[in-house]
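Below is one structure; the comments refer to it alone.
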Amino acid sequence: MAHLLLAWGVGMTSFAKLLQQFDPDAAFVAPPNWQQGRTMFGGLSAALSLQAVLRERPADFPPFKSAQVSFIAPVTQAQTFAVSVLRQGRSVTSVSVDCLSGDDLALRSVLLFAQPRASRITHDAWGRPFVEGPSRYATLALDSKIAPACAYNFEMRPAGGSLPVSGADSPELLMWVRHLDAQGVDPAVALIALADSLPPAAMTCFTEPAAISSASWMIDLPQPAVAGEWFLVSSFSQQALEGYSLQDMEIWDESGRRVLWARQTVAIFT
Numbered sequence: 001m002a003h004l005l006l007a008w009g010v011g012m013t014s015f016a017k018l019l020q021q022f023d024p025d026a027a028f029v030a031p032p033n034w035q036q037g038r039t040m041f042g043g044l045s046a047a048l049s050l051q052a053v054l055r056e057r058p059a060d061f062p063p064f065k066s067a068q069v070s071f072i073a074p075v076t077q078a079q080t081f082a083v084s085v086l087r088q089g090r091s092v093t094s095v096s097v098d099c100l101s102g103d104d105l106a107l108r109s110v111l112l113f114a115q116p117r118a119s120r121i122t123h124d125a126w127g128r129p130f131v132e133g134p135s136r137y138a139t140l141a142l143d144s145k146i147a148p149a150c151a152y153n154f155e156m157r158p159a160g161g162s163l164p165v166s167g168a169d170s171p172e173l174l175m176w177v178r179h180l181d182a183q184g185v186d187p188a189v190a191l192i193a194l195a196d197s198l199p200p201a202a203m204t205c206f207t208e209p210a211a212i213s214s215a216s217w218m219i220d221l222p223q224p225a226v227a228g229e230w231f232l233v234s235s236f237s238q239q240a241l242e243g244y245s246l247q248d249m250e251i252w253d254e255s256g257r258r259v260l261w262a263r264q265t266v267a268i269f270t
């Protein structure tokens, strides 16, 4: 496959620069290269919701652990973020974040922050897929007829599964993915944005482009996020029925450590 040109075009804003400029107390307008169809990239809205909390956290705030994200309406206007601490316990803190697009509620998240705790119970029943490292795979050449503007903020290297809009029988995506620029970004914030970088797995079954929309997203981190470059992202549509796909998502770092598990409900308009 041809290689994607890893260079920023005129007017493109990198993830790192965007996070540097982000102020939760001011209205935020997404740059054009972070658009996803008629709305803003959902992974960015979720990542900014987390960033809004982290910007104001006290020194002893626990690490990010999980999130429940509801995508309620398209982001078509400037965004504002309202943060509210629901409960702060001895080891677990729950925080809600409402993301408004103009006057409309666009995204609502409940974020969980938890201190690691000593336990004699440890197990790991899942293993990383048997693939080689990212250097052994070619960069995916994105098709501008299919890929939204936000996809060009990542480098993707297919390591198995199928490709979007390929009429595949097995609805699975498996790719090594990295941010083109996440320098200095909190590892958890970078991971949330990267976790939503691939298209829905059900799109592998498409034979022509069609609209999709994320409806809900549940995210869990097995342990506090740490910085990394390449991550292996697996996305599998467990079921597509009556216009909705239920997909499981997992992410591993280069050492083979699982860093994220998620489930997403996706509306399919075809």
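Numbering (the UniProt record's numbering), first residue to last: 1 to 270.
Every residue gets a Cβ at the ideal spot worked out from N, C-alpha and C, and that includes glycine.
Can you tell me whether residue i is buried or exposed, with buried defined as 16 or more other CB within 10 angstroms of its CB?
i                 : result
phenylalanine 130 : exposed
tryptophan 126    : exposed
valine 97         : buried
residue 290       : Shown here, the chain extends from 1 to 270; a query on residue 290 therefore has no answer.
methionine 1      : Caution is warranted here: a pLDDT of 30 is assigned to methionine 1, below 50, making its placement in the model unreliable, and the coordinate value is therefore given only provisionally. The residue in question, methionine 1, is exposed, as its Cβ has fewer than 16 Cβ neighbours within 10 Å.
valine 10         : For valine 10, the predicted model reports a pLDDT of 46, less than 50, meaning its position is unreliable and no value from the coordinates is stated.
valine 29         : exposed
glycine 184       : exposed
In terms of residues, what are the limits of the beta strand (DSSP E) holding residue i?
i             : result
proline 187   : No beta strand (DSSP E) contains proline 187, which is instead part of the alpha helix (DSSP H) from 187 to 195.
lysine 65     : 64 to 71
leucine 100   : 92 to 101
glutamine 223 : Per DSSP, glutamine 223 belongs to no beta strand (DSSP E) and is neither H nor E.
glutamine 238 : 231 to 241
glutamine 247 : 244 to 253
Between the C-alpha atoms of residue i and residue j, what's the straight-line distance to the nearest angstrom?
i              : j                : result
glutamine 51   : valine 189       : 6 Å
cysteine 150   : arginine 120     : 43 Å
valine 92      : tryptophan 252   : 25 Å
tyrosine 244   : alanine 267      : 5 Å
valine 177     : glutamate 155    : 6 Å
glutamine 88   : serine 162       : 43 Å
residue 273    : valine 69        : Outside the displayed range of the chain (1 to 270) lies residue 273, so it cannot be described from this structure.
methionine 175 : alanine 67       : 23 Å
aspartate 220  : leucine 260      : 6 Å
aspartate 143  : proline 222      : 34 Å
alanine 141    : phenylalanine 71 : 29 Å
residue 273    : arginine 258     : Since the displayed the chain opens at 1 and closes at 270, residue 273 lies outside it and no answer follows.
proline 187    : serine 216       : 22 Å
alanine 159    : arginine 128     : 12 Å
glycine 42     : valine 75        : 9 Å
Could you tell me how far apart the beta carbons of residue i and residue j are, in whole angstroms, since I believe they sit closer than 8 Å?
i                : j           : result
phenylalanine 15 : alanine 195 : About 13 Å; that fails the 8 Å criterion.
glutamine 247    : alanine 182 : In fact, because the Cβ distance is near 24 Å, the residues do not count as touching under 8 Å.
residue 324      : serine 49   : Here the chain has residues from 1 to 270 only, and residue 324 is not among them.
In the DSSP assignment, find the alpha helix (DSSP H) that holds residue i and state where it starts and stops.
i                 : result
arginine 55       : 42 to 55
alanine 106       : Counting along the chain, alanine 106 falls outside any alpha helix (DSSP H), though it belongs to the beta strand (DSSP E) covering 104 to 114.
phenylalanine 269 : Per DSSP, phenylalanine 269 belongs to no alpha helix (DSSP H); it is in the beta strand (DSSP E), 258 to 269.
Shorter than 8 Å from the beta carbon of residue i to some beta carbon of chain D?
i           : result
proline 116 : Of the protein chains in this structure there is only one, and it is not chain D.
Problem set entry | Ordered list of alpha helix (DSSP H) runs contained in the region 150 to 216, each at least 4 residues | Within the region 150 to 216, the complete alpha helix (DSSP H) runs of at least 4 residues are 187 to 195.
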